[in-house]
Amino acid sequence: PNVIFEEFPDTVFGIISRTLDILIKKAEQPSLRDADVVIEPIKGDVGSFDVDEAPRLIEMGEVAARRVIPKVLELLGDRRAGSR
606 PNVIFEEFPD
616 TVFGIISRTL
626 DILIKKAEQP
636 SLRDADVVIE
646 PIKGDVGSFD
656 VDEAPRLIEM
666 GEVAARRVIP
676 KVLELLGDRR
686 AGSR
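All letters in the sequence shown, in the order written, are residues 606 to 689 by my numbering.
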């Protein structure tokens, strides 16, 4: 997945946070390549250090998880059918 940001950070702390977000995104890509399902919330303008946004991030995670439920159920069905 590409990292796309709408705004350029305007503080040193914002730049450090953005840099960490990019590094984390790049580092996780190889491990996600073989995943059957990836739950990836759309965080928008929320950075790694925006702890005051935790409730909003949790909600975004729930929405993203619900989006992949059909795929998870499909994969579980395939595995159950294969074990018979």
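Ideal placement from N, C-alpha and C gives every residue a C-beta, glycine not left out.
(message) Looking at Leu-662: is its Cβ nearer than 8 Å to the Cβ of Val-651?
(response) Yes.
(request) For the stretch 635 to 643 and the stretch 611 to 620, state whether three or more C-beta atom pairs, one from each stretch, are separated by less than 8 Å. (result) The stretch 635 to 643, when compared against the stretch 611 to 620, does not touch it at the 8 Å Cβ threshold.
(request) Could you tell me the distance, in whole angstroms, from the CA atom of Lys-631 to the CA atom of Leu-625? (result) Distance between the alpha carbons of Lys-631 and Leu-625: 10 Å.
(request) Taking all protein chains shown into account, decide if Pro-606 is buried (16 or more other Cβ within 10 angstroms of its Cβ) or exposed. (result) The predicted position of Pro-606 is uncertain, since its pLDDT is 45 and thus under 50; no value can be drawn from it.
(message) Please state the DSSP three-state secondary structure of Arg-638.
(response) When DSSP states are grouped into helix, strand and coil, Arg-638 belongs to the coil group.
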